[in-house]
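K.L.:
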Amino acid sequence: MTENKTSVTGVVIGIVVLLCCICVLVAGMGGYAYFAISQSQTQSPSFPSTSTETQEPEITRPPVESVSGETLETLQNTIVPSNNPKDLACRLDGKCDVPDVLATSAAPRAVGEKDNFWVHNLDTNVNTEVQATLRYATPHVYFWVQEGVTVDENEVKALVDEFEEKIYPTNREFFGSEWSPGIDGDEHIYILYARGLGSSIAGYFSSSDSVHPLIQEYSNGHEMFLFNADNTSLSSDFTLGVLAHEFQHMIHWNLDGNETSWLNEGSSELAAFINGYDPGGFDWLYINNPDLQLNDWPNDQNATTPHYGAGFLFMTYFLDRFGEDATKALVKDPANGLESVDDVLREIGATDPSTGKPITADAFFMDWVVTNFLLDKSAGDGRYIYNNYPGANRASATET
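Quick note, the sequence shown lines up with residues 523 to 922 if you use my numbering.
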């Protein structure tokens with residue numbers, strides 16, 4: 523099973539785009555139905571009959587115990603090192619002895635200052651340099667606006683103040699700390715509001731911006747978020763949820779830089795949820811078609827939407843079952859995916875009260891699947907419910 527990662531994490535799809543995707547899906551189903559009907563109306567080719575008697579082929583299957591398990595054992599025991607840009611740059615590109623940071627301290631930036639930043643367009647995969655002005659500053663945030671983009675100063679202040687006073691302390695207390703003072707020696711997080719990020723992107727955090735520019739030429743050299751001025755309103759609660767989502771990615775990258783996408787994205791959706799923002803319907807999209815692999819992440823960004831919902835519900839159920847401390851430990855665990863779930867359950871001594879046996883990641887996964895179908899606190903010992911998410915939708919039976 524391949525669990526994919528992208529260099530740009532935390533991509534969040536806008537509501538309008540979700541509706542468009544649903545419309546495309548419906549249109550696609552209609553097209554398939556039309557194709558199937560038109561094919562059924564054509565005549566099948568005829569073949570001459572033959573009287574030759576056929577015999578059923580004999581199929582020889584080796585017994586299960588004789589099948590070699592060497593490949594599986596090799597895969598299970600292979601340790602894939604974390605993606606270390608500095609090490610890779612030295613080994614593969616000859617760029618050695620690059621400093622870990624650009625600076626160990628930073629002078630305060632003044633509102634009105636101008637600076638240049640790289641913007642990545644996820645539609646075209648093109649990087650463009652833009653100039654921006656520092657419009658607002660708090661103890662932990664510098665908010666920059668691209669030249670030519672109009673903003674309401676009151677909306678900027680309200681957005682950044684809520685991040686400073688609510689999201690920043692909540693995420694840090696729950697998930698941990700971002701790299702601070704980080705690559706630039708500055709405790710401030712840079713937020714850039716700019717155009718040209720892509721048609722379906724609300725905002726993103728890129729770990730490349732925390733890599734030295736001598737290694738990554740398009741690095742901005744700051745701990746940084748970028749928000750899309752083309753489609754994202756500064757006055758929307760959705761944007762605040764995106765901020766909480768992306769900040770979790772920044773924290774997770776610092777604590778476990780090679781985490782699997784599904785668990786990382788689920789943690790980011792959980793971050794928005796614990797800050798009081800709506801999950802955004804991703805969970806509804808998953809629940810309406812739950813025949814989807816949890817520990818997978820599509821390469822096609824247009825297919826990721828229900829996967830956000832699956833990851834969110836898994837992390838929300840984990841929090842409900844095992845509490846804050848266990849969930850915090852899961853984010854920090856150096857292993858990845860379901861292996862890290864196993865690690866944490868083992869560390870906390872999680873035991874199934876109905877059997878007395880240790881709870882494994884597989885057992886917890888099965889409980890989660892049943893919970894999505896039942897949503898009934900009266901069933902069993904009361905585990906099949908989201909106590910912390912009363913708005914959860916029940917899954918329907920799908921074709922088996």
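By construction, the Cβ of each residue, glycine as well, lies at the ideal position given by its N, Cα and C atoms.
#1: Could you pull out every residue in the same chain whose Cβ sits closer than 6 Å to the Cβ of tyrosine 966, ignoring the five residues on either side in sequence?
#2: Would isoleucine 711 and valine 663 qualify as a contact pair, given that the criterion is a beta-carbon distance under 8 Å?
#3: Suppose the cutoff is 6 Å on Cβ atoms and the five residues either side in sequence are ignored; what does the same chain contact list for leucine 867 look like?
#4: Taking a contact to mean a Cβ-Cβ separation below 8 Å, would you say serine 862 touches tryptophan 819 in this structure?
#5: To the nearest angstrom, report how far apart threonine 849 and methionine 837 are at their CA atoms.
#6: Distance, Cα to Cα, glutamine 561 vs valine 892?
#7: Assign threonine 650 to one of three DSSP states: helix, strand, or coil.
#8: What residue range does the alpha helix (DSSP H) around isoleucine 773 cover?
#9: Excluding the five sequence neighbours on either side, which residues of its own chain have a C-beta within less than 6 Å of the C-beta of arginine 657, listed in chain order?
#10: Give the single residue among Val648, Gly634, Glu669, Asn647 whose Cα lies nearest to the Cα of alanine 659.
#11: Just how far apart, CA to CA, sit histidine 521 and serine 790?
#12: I need the straight-line Cα distance from serine 604 to asparagine 780, nearest angstrom please.
#13: Kindly indicate which residue of Ile713, Met746, Leu762 has the alpha-carbon position closest to the one of serine 729.
#14: Roughly how many whole angstroms lie between the Cα atoms of isoleucine 796 and alanine 901?
#15: Roughly how many angstroms lie between the CA atoms of glycine 788 and glycine 707, to the nearest whole one?
#16: Mapping the DSSP letters down to three states, classify isoleucine 881 as helix, strand or coil.
#17: Which value, in whole angstroms, describes the spacing of the CA atoms of tyrosine 906 and leucine 792?
#18: Among residues of its own chain, excluding the 5 on either side of threonine 826, which ones have a beta-carbon nearer than 6 Å to its beta-carbon?
#19: Given a threshold of 16 other Cβ atoms within 10 Å of its Cβ, counted over all protein chains shown, does tyrosine 554 qualify as buried or as exposed?
#20: With DSSP as the reference, identify every bridge partner of lysine 636, one or two as the case may be.
#21: Specify, as a first and last residue, the run of the alpha helix (DSSP H) that tryptophan 666 falls within.
#22: Could you check what DSSP says for threonine 827 in three-state terms: helix, strand or coil?
#23: Pop quiz: lysine 941 and threonine 650 are said to be a contact at Cβ under 8 Å. What is the actual Cβ separation, rounded to whole angstroms?
#24: Starting from leucine 610, trace the alpha helix (DSSP H) both ways and give me its first and last residue.
#25: Using three-state DSSP, classify isoleucine 711 as helix, strand or coil.
#26: Does the stretch 753-766 come close enough to the stretch 798-805 that 3 or more CB-CB pairs lie under 8 Å?
#27: Less than 8 Å between the C-beta atoms of glutamine 653 and asparagine 638, yes or no?
P.N.:
According to the structure data:
#1: Residue 966 lies beyond the residue range present for the chain, which begins at 523 and ends at 922; the question has no answer from this structure.
#2: Valine 663 is positioned such that its CB atom lies closer than 8 Å to that of isoleucine 711.
#3: Ile881, listed in sequence order.
#4: Cβ distance not < 8 Å, so serine 862 and tryptophan 819 don't count as in contact.
#5: The alpha-carbon atoms of threonine 849 and methionine 837 are separated by roughly 8 Å.
#6: For glutamine 561, the predicted model reports a pLDDT of 29, less than 50, meaning its position is unreliable and no value from the coordinates is stated.
#7: DSSP places threonine 650 in the strand class (E or B) of the three-state scheme.
#8: Run containing isoleucine 773: 759-777, per the alpha helix (DSSP H) assignment.
#9: Closer than 6 Å at the Cβ level, and outside the excluded window around arginine 657, lie Phe665, Val667, Val678.
#10: Alanine 659 has its Cα closest to that of Gly634, out of Val648, Gly634, Glu669, Asn647.
#11: Residue 521 is absent from the structure shown; the chain starts at 523 and stops at 922.
#12: Taking the straight line joining both Cα atoms gives about 6 Å.
#13: The residue with the shortest Cα to Cα distance from serine 729 is Met746.
#14: If I take the Cα positions, the gap works out to 26 Å.
#15: C-alpha separation (whole angstroms): 30 Å.
#16: Looking at isoleucine 881 - three-state DSSP - the assignment turns out to be coil, as it is neither helix nor strand.
#17: The alpha-carbon of tyrosine 906 is positioned some 19 Å away from that of leucine 792.
#18: So the list reads Pro820, once near-sequence residues are dropped.
#19: Low confidence applies to tyrosine 554: its pLDDT is 22, below 50, so where it sits in the model is not reliable, and the reading given next is rough at best. Residue environment for tyrosine 554: exposed (fewer than 16 other C-beta atoms within 10 angstroms of its C-beta).
#20: The partner list for lysine 636 (beta bridge, DSSP) reads Thr655.
#21: In the DSSP annotation of this structure, tryptophan 666 is not part of any alpha helix (DSSP H); the continuous beta strand (DSSP E) holding it starts and ends at 663-668.
#22: In the structure shown, threonine 827 sits in a helix (DSSP, three-state: H, G or I).
#23: Any question about residue 941 goes unanswered here, given that the chain covers just 523 to 922.
#24: Under the DSSP assignment, leucine 610 falls in the alpha helix (DSSP H) whose first and last residues are 607-615.
#25: In the structure shown, the three-state DSSP call for isoleucine 711 is strand.
#26: Cβ pair count under 8 Å is three or more, so yes.
#27: Contact: yes.
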